[in-house]
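So the structure is just underneath, and the comments pick up after that.
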Amino acid sequence: MKHLLTKISFLFGITLFFVACNSTKRVADDEFLLTENTIETGVDSINANTLKPFLNLRPNSKFIFGMPLKLYVYNWGKPNSDSLFVDWLTKKPKRQKRWTNFLSERQLKNLGQFYVSIHEGRRESGEPPSIISDKKLEQSKDRLKSWYWNRGWFDAEVKYKVEKDSTNKKAKVHYTVTPNKPAVIDSLSYEIASADADSIYNIIKGKAFIKEGQQFKSENFENERLRIEQYFRNNGLYHFDRDYISFIADSLNENPRLLDIELNIKNREEKVLDTAYQIPFKVHRISEVNVFTDYKNNTNYKAKDSVHFNDKVFYASDEIKVSPKILSDAIFIEKGQVFSDKNRKDTYNRFSNIRVFDYPNIKYQKDPRTPNEDNLIANVFLTPKKRFGFTPNFEVSQSNIQDFGIGVNTSFLARNAFHLADILELSFRANLGSSKDAASSRDQFFNITELGGSLSLSVPKVLFPFTQTIIKKNMQPFTRATYGFNTQQNIGLDRQNHTLKFEYNWKPTRKVSNRLSLLDFQFVNNLNIDNYFNIFTNSYGDLNGIAQANLSEVDNDFIDPNSGNLAIPNGTDGFIAQVQNNELNLESDNQQLFNSIVERKDRLTENNLIIASNFSFDYTTRENIDDEDYFQFRSRFELAGNVLQGLGTALGLNKNNNGDFTLFDVPFSQYAKLELNYIKHWDLGNKNIIATRAYGGIALPYGNSRSIPFARSFFGGGPNDNRGWQPYDLGPGKTNGVNDFNEANLKLSFNFEYRFNVFGSLNSALFVDAGNIWNVADNVTDKDATFDGLQDLEDLSIATGFGFRYDISFFVIRLDFGFKTYNPGDPEQKWLNDFNFRSMVFNFGINYPF
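Residue numbers (the numbering used here): 523 to 1372.
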């Protein structure tokens, strides 16, 4: 009841705040605040919401539930705040003197400046009231007419009516559009002065944006100009641009709405002294490609070394330090080709991705050796970046593992170390931390350590034979090899982690990205498995509970005399052995729980050897970082252990007691894993966005494995998943997170966000997250944790909440507040039982979750 009253009081207070906000506070008595625009479009296929953004007079932007929050913020700031402060200070004869004596003259001045800055800040962050004026109404009317004109309704009529509410100083504006009949393209003709331009246009005119019988639309004409320009400049017309294209519309026939359109492409004009000459466009070919590999942006550059390779000449002022083959593969301009803008842009992009050179400079010049200077010489100027780079970072951290930690993370980068335009990067990370739960018994503040490092090499080509016909150079291929090492002391199980990856990346199109990891190796070595029950305290509690229920039969040596509980690790290990040796009989429920505890302990403490290959596919329709109306599909498929399983007998690999092949006394993992991820964004305008995500993942063990390694399993909860639960707290199934780190091998997740702008760089969102993890086709037998059919979809947990996001141009700081709305693991009340601020989960993240 206490919590219910708190909620009611909070909601009542919020309601009073918004009721107290007066939207017409800054509206004069003879003015009206615009609250709504309505438009009768006159055409069934035209939605009024499409036209509203074009109006010059629009209502103030709305926050959730239609509240004009920015207007409230603006009204909260007082106009003429500087004079208001002076008036307040001098209103009473002794007030200024008292305040001067209490503070000082300088501090009182600062107080006045602070008062002014507060109110000016509110007005700058807010939005002034949208006041109706005849000027803005006429401008909106003209904009509507212009919108219709650009779509062929040349005679469209627009009228408006203002519906005033004099009592509340508010008004609505109703626009009525009478389009009349649209103009239609009756005929098309062409007048192209240059023979080369005419012959090229004949190739593409069948795919024109402008067609006979089509309603006039100015956008089609601009798109056609752009299409012609791109095609011409990609097919040899070096001097061409869209300014040479014009359209002449003739409506001097019996029906003025029938248009005769003439496409006109004139010759280019070149001035010699004061005389202008008309020069027909010609197709230009590349006669020579020169590459200056160490250009320094100065006029004193002199080449001392040169190499001819693949019809290109490579120059250097000292010696050529990058493989000509690598450079040639990055240059799409070839000798004998016709001039192509696309080839030039592809070359720019490729060198930008390589990261060894600054942005290249490509210049063309006429070849004086050819008749009429029809051919072009392409000069590619490359300026190398600094060869070495060093980046030190210092960080302070806190987590559920350590109470306080300090770390150093440094990286050293070497460009072109092997003369392959490669990037060699060495990074090192060291962390010292303090934890009251550390395995170390030494009385010192810093009692946990973590060390790690990685070495990677990236080369801008596919290092595999016979692949050039499949993965072409215009697909921006890269090969990357990485080795990583991490070791922990007094953290968890004191895990050592070794990784080795060898992968290829390429982009078949601008929208598609592929990654093939030929080798994805991971070896996890747990050095301190005796610490298991100190970490997984829930499992210890369950095991100790079983022991307490059978205390009379438990060996006294297993019990800590001080606490009366199982001692760690000797007592827990001894009790497990006692039960497994049938020296102690448990009730069926306890026996099942015991088996689950032991199975999980064995799985999480065993060393993992993973030798896998995987393939990732990514498709997106997103044009650029500002595009918020797109979808993205990602998939990843991984296979592990198949080669070793197939060669197990031939290689004479040993088997352990479970009949599994081992390599270096470690059973290797064998499984198949599939992940699918779909993201869709809808841009509603005015920074209002709906974002959704659907994710599914499954990993199936087989052959040499009966479970998925912890490092490759799925978990639920966290700032990028279900935000009503902490990471690893969700599931599996309806078990209600009984373990300390819950993971499983099947995952479903669905997310919805409505994102909107509050003011300035501050954005907000309302979200709904649904999802869970389950065990399937592995050695877990708990029905509450396994997925046995579609009926288990009722175990999808649901979280709702809100968040704030602050945009700092190059990244976004995100704070999300998640509430458990439906908890499938709650045995009594699944809906809204933990829907309160006490159980709220605070999530901090960088950038958007999807």
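Beta carbons are placed, not taken as given, at the ideal position from N, Cα and C, and that holds for glycine.
Nearest candidate by alpha-carbon position, reference residue i, set the options
i	options	result
N883	P890, E553, F873, T989	F873
S662	F624, L625, L573	L573
F1232	P1254, P1241, N1267, S1085	N1267
L1131	N1103, F1183, V1101, L1173	F1183
T557	F762, P1223, P651	P651
D1306	T1171, D1317, L1312	D1317
F1263	W1247, G1207, P999	W1247
F950	D609, W671, G974, F1190	G974
S1157	L1198, K1123, S1135	L1198
W669	S1331, F576, D763	F576
E649	S626, G1253, D1314, G1282	G1282
N996	S828, K1029, N1084, E679	K1029
F861	E776, N757, S768	N757
N915	T1214, N953, Y881, R909	N953
Own chain residues within Cβ distance below 6 Å of residue i, not counting five before or after
i	result
G1014	I1057
N1258	G1347
N832	S850
A900	I808, V811, I855, Y886
E792	Y799, I801
R790	H761, I801
M1362	F1339, F1341
Y1217	N1199, S1271
Close Cβ partners of residue i (< 8 Å) along its chain, the five nearest in sequence each way excluded
i	result
N1369	F1333, V1334, R1336
F912	T932, S933, F934, L935
F607	G634, Y637, V638
P1189	E1128, L1131, N1178, N1180, D1182, F1183, N1226, S1227
Identity of the residues DSSP links to residue i by a beta bridge
i	result
N931	N915, R951
D772	D782
R937	I945
E1308	Looking at the sequence shown, residue 1308 is not Glu but Thr. According to DSSP, T1308 bridges with N1297.
G1255	None; G1255 has no bridge partner.
I1335	Y1328, I1368
K1023	T1004, D1042
Residue i to residue j span [Cα, whole Å]
i	j	result
Y1328	L1284	5 Å
I653	L781	41 Å
A771	I783	5 Å
R738	N1027	Just to set this straight, residue 738 is Phe in the shown sequence, not Arg. Distance between the alpha carbons of F738 and N1027 is about 45 Å.
E734	D656	41 Å
S639	N690	31 Å
T869	A852	6 Å
V684	V565	22 Å
L785	W598	57 Å
Y766	F743	14 Å
V1302	L946	44 Å
K1209	Q1010	45 Å
N571	H696	13 Å
Q752	A717	18 Å
L538	N544	The predicted model places L538 with a pLDDT of 45, which falls under 50 and marks its position as unreliable, so this point remains unresolved.
S647	L591	11 Å
H1203	F1274	10 Å
F1324	G1340	7 Å
S1331	D1148	11 Å
F1139	K867	25 Å
T1143	I993	22 Å
L1196	D1205	30 Å
D1047	F1024	Residue 1047 is actually Asn in this sequence, not Asp. Using only the alpha carbons, I get a separation of about 21 Å.
Same chain, Cβ closer than 7 Å to residue i, five either side skipped, listed in chain order
i	result
S962	Reliability fails at S962, whose pLDDT of 49 lies under 50, so the model's placement of it is uncertain and the value that follows must be treated cautiously. Once the five neighbours on either side are set aside, the close Cβ partners of S962 are N969, N1012.
P1249	F1237, G1239, G1240
G1225	G1163, Q1167, Q1192
L1185	L1131, L1166, L1175
D944	N938, L979, S980, V981
S1229	R1125, P1223, D1300, N1301
L1354	T1343
Any chain B beta carbon closer than 8 Å to residue i
i	result
K616	No chain B is part of this structure, which consists of one protein chain only.
Quiz item: Where in the segment 583-639 do unbroken runs of the alpha helix (DSSP H), each at least 4 residues long, occur, reported from the N-terminal end onward?
Solution: 591-598, 603-612, 617-624
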